[in-house]
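Engineer: For reference, the structure I am asking about is given below.
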Amino acid sequence: MTRPKHREPTITPGEPAALYCRISQADDDDQTGVDRQERICREIAERRGLAIDPSHVFVDNSRSAWRRNRKRPGWDQLLERARHREFRHIIAYHPDRLMRQPRDLEELLQVSDDHEIVLHGEANRRNLSDPDDRFILRIEIAHACRSSDDTSRRLKSALAERAEAGMPHSGKRRYGYEADGMTIKDDEAEIVREVFDRYLRGQSPVAIALVLHKRGIKTVYGKEWTQGTVRALLDSRHVAAIRMHQGEEAGPGKWPAIIDAGTWAEARARREYRSAIHQTNLELRRFYLLRGLVMCKRCGTLMSGTKVGAVPSYQCTRKSRNDDKKCVRRIAAVKLEEFVTEAAIDLLSRLTVSGQLASATTPTNASTEAVEADQRQLAELNHMWAAKEVSTAEYRVMRKEITDRIAKAQRRLVVRPVKLLEGMTGPGAKAAWEAEGMTDERRNAVLRFLFSGVVIDASSKPSGVFDWDRIDIEQNTL
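The numbering used here applies: residue 1 is where the sequence shown begins, and numbers increase by one.
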């Protein structure tokens, strides 16, 4: 008895479909691979009469589908939108762009069981509800997974052999060397030696970075030197011709060293000593109550807790930059924390909490209007993109800005659990805040629950006079 042939899926002209594009390795500014895939997928959609909404284009650039622990945001969004029945057709250049692990296919098949997903590609079409197509796909993905495993094994073996032979890592160019990692670049090598010399003479990475900035010297990527890039250079084994493999020293390298063994050992010992001192200081460091809340109004970035001289302060995190974005705005921590604490206790004393904050389900008109305005702007942007008034690259950048604003606003409108405030509201708020069992970590969590930010403007007062007017506390919707 012959098994009845599975019916072909029907396509209604104009039926919505989704595009998925992925490339394993790509530079941040290089989207050639995914752009080509998108063009081919759109041609497939046009031939088959399927409609592509701009919001149904999912991209994972420089994302491996083979690595089991690699996150793929585009893939996750694709599955989520498919579960919500936003489309029944998925178009990919080839199944291996979608999946290179059997578990990915099984996840897609599970969604298809409920929504009859049809997978379209350049060479074929797979009906995921057809047992024959499912069988063929399982074989294809198993083959792709085996191919990736073989490639990984060969690469690992080649890297191990290269390490044993003392040859340098391939990849991006290292400061002080040409792209081959073997040939010394004389002008940069002089800078490397200078950095080590200055460090061993007692200069800090911050001071060294400033010296290099004033002389117009750039990093290997053409960026300004910072304390972080100076530390990275001081920690680089490559400049001492030490071969590393999987985080361990594999022996001497076959390339010429810029820093001799004695200088390297002395710098390493100093780095380890300073690291130990830093760890001790961390253990003795005061707890900055407003961590994660204080923001610089000029830069829009967080201000971190630190000591300026002997005074605990919150300082803009751009203090170490050497370009035009450098910012040294700061504010005394003790007075600021007292001010925000008083505001929090006052708010807590006026709250009556039982289970959930009732007002969280009734957002303010301003909040809902802001979300609606952004959604209208997003719709207009979609029309502009469909009319080719903006390029795909421009569309993606602008769309991300708008959707991020919408997501941020919507998070403020959801009903928020208030177990964190249990026992801390009402007339006894001050006593609960100062209770012996109350930890600074919980106080910080409560402050972050109550307030979205503590924004610090420039001071208008003379030096040494605390300016209370520069503080703006932004309250969360409760």
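Using N, Cα and C, we set each Cβ at its ideal position, and we do this for glycine too. From a predicted model like this one, the values you see are computed outputs, not experimental measurements.
1. Flag this pair as yes or no: are the beta carbons of Gly292 and Ala333 separated by less than 8 Å?
2. Alpha carbon to alpha carbon, how far is Asp60 from Arg321? Give it in angstroms, no decimals.
3. Can you tell me whether Arg22 is helix, strand or coil according to DSSP?
4. With a cut-off of 8 Å, do at least 3 Cβ pairs link the stretch 434-450 to the stretch 465-472?
5. Alpha carbons only, please: which of Trp225, Glu389 and Leu289 is nearest the one belonging to Glu342?
6. Using a Cβ-Cβ cut-off of 8 Å (strictly less than) and excluding sequence neighbours within five positions of Met295, which residues of its own chain qualify?
7. To the nearest angstrom, how far is it from the Cα of Met167 to the Cα of Arg198?
8. Looking only at its own chain, which residues have a Cβ that is under 7 Å from the Cβ of Val111, when we skip the five neighbours before and after it?
9. Taking the alpha-carbon positions, what's the Pro73 to Arg22 distance?
10. Give me the Cα-Cα distance between Leu212 and Ser459, rounded to the nearest whole angstrom.
11. According to the neighbour-count rule (16 or more other Cβ atoms, all chains shown, within 10 Å of its Cβ), is Glu188 buried or exposed?
12. So, for Val220: in the same chain, excluding its five sequence neighbours on each side, which residues have a beta-carbon less than 6 Å away from its beta-carbon?
13. Are the stretch 43-55 and the stretch 10-18 touching, with three or more C-beta to C-beta distances below 8 Å?
14. Looking only at its chain, what residues have a beta carbon closer than 6 Å to the beta carbon of Asp374, apart from the 5 residues adjacent to it on each side?
15. For Arg88, which option in Leu348, Ala393, Ala17 and Arg153 has the closest C-alpha, if you only look at C-alpha atoms?
16. Below 8 Å between beta carbons: does that hold for Ile90 and Tyr177?
17. Assign Asn322 to one of three DSSP states: helix, strand, or coil.
18. From the DSSP output, in three-state form, read off Val59 for me.
19. For Ala257 and His245, I'd like the C-alpha separation in whole angstroms.
20. On a CA-only basis, which of Glu266, Val230 and Trp255 is nearest Ile242? Give me that one, please.
21. Kindly indicate which residue of Val308, Lys307 and Ile345 has the alpha-carbon position closest to the one of Glu434.
22. By Cβ distance, which residues of its chain are closer than 8 Å to Phe339, with the 5 residues on each side in sequence left out?
23. Using a 10 Å radius around the Cβ and a threshold of 16 neighbouring Cβ atoms, would you call His383 buried or exposed?
Structural biologist: So, to answer that:
1. For the purposes of this step, residue 292 is identified with residue 292 of the sequence shown, where counting begins at 1. For the purposes of this step, residue 333 is identified with residue 333 of the sequence shown, where counting begins at 1. No, the pair does not count as a contact, with Cβ atoms beyond the cut-off.
2. What you label residue 321 is simply residue 321 of the sequence shown in a count that begins at 1. What you label residue 60 is simply residue 60 of the sequence shown in a count that begins at 1. Going by the C-alpha atoms only, they are around 31 Å apart.
3. In the sequence shown, the residue the question calls residue 22 occupies position 22. Three-state DSSP puts Arg22 in a strand.
4. no
5. Position 342 of the sequence shown holds residue 342. Glu342 has its Cα closest to that of Leu289, out of Trp225, Glu389 and Leu289.
6. Residue mapping note: residue 295 aligns to position 295 of the sequence shown, counting from 1. These residues qualify, in order along the chain: Thr301, Leu302, Met303, Gly453, Val454, Val455 and Ile456.
7. Taking the sequence shown and counting its residues from 1, one reaches residue 167 at position 167. Taking the sequence shown and counting its residues from 1, one reaches residue 198 at position 198. If you take the alpha carbons of Met167 and Arg198, they lie about 29 Å apart.
8. On the sequence shown, residue 111 is found 111 positions in, with the first residue counted as 1. Hits under 7 Å: Leu79, Ala82, Arg83 and Ile117.
9. As a first step, residue 73 must be located in the sequence shown, where it is residue number 73. As a first step, residue 22 must be located in the sequence shown, where it is residue number 22. Their backbone Cα atoms lie some 11 Å apart in a straight line.
10. Numbered from 1 along the sequence shown, position 212 holds the residue referred to as residue 212. Numbered from 1 along the sequence shown, position 459 holds the residue referred to as residue 459. In this structure, the CA atom of Leu212 is about 31 Å from the CA atom of Ser459.
11. Mapped onto the sequence shown, residue 188 falls at position 188. The residue is buried, with at least 16 neighbouring Cβ atoms inside 10 Å.
12. By 1-based counting over the sequence shown, the position of residue 220 is 220. Taken in chain order, the residues that qualify are Arg173 and Tyr175.
13. yes
14. Sequence index remark: in the sequence shown, residue 374 carries index 374 (1-based). Excluding positions up to five away in sequence, the list reads Ile402, Arg405 and Ile406.
15. Taking the first residue of the sequence shown as position 1, residue 88 is located at position 88. Of Leu348, Ala393, Ala17 and Arg153, the residue nearest in Cα terms is Ala17.
16. In the sequence shown, residue 90 corresponds to position 90, counting from 1. In the sequence shown, residue 177 corresponds to position 177, counting from 1. Contact flag unset, no.
17. Locating residue 322 in the sequence shown gives position 322, counting from the first residue. Correct three-state label for Asn322: coil.
18. Translated into the one-based positions of the sequence shown, residue 59 becomes position 59. In the three-state reduction of the DSSP assignment, Val59 falls in the strand class.
19. Along the sequence shown, one-based indexing puts residue 257 at 257. Along the sequence shown, one-based indexing puts residue 245 at 245. Whole-angstrom Cα-Cα distance: 18 Å.
20. On the sequence shown, position 242 is the one that residue 242 refers to. Taking only the C-alpha atoms, the option nearest Ile242 is Trp255.
21. What you label residue 434 is simply residue 434 of the sequence shown in a count that begins at 1. Comparing Cα positions, the closest option is Ile345.
22. Along the sequence shown, one-based indexing puts residue 339 at 339. Excluding positions up to five away in sequence, the list reads Trp468 and Ile471.
23. As a working mapping, residue 383 is identified with position 383 in the sequence shown. Classification for His383: exposed.
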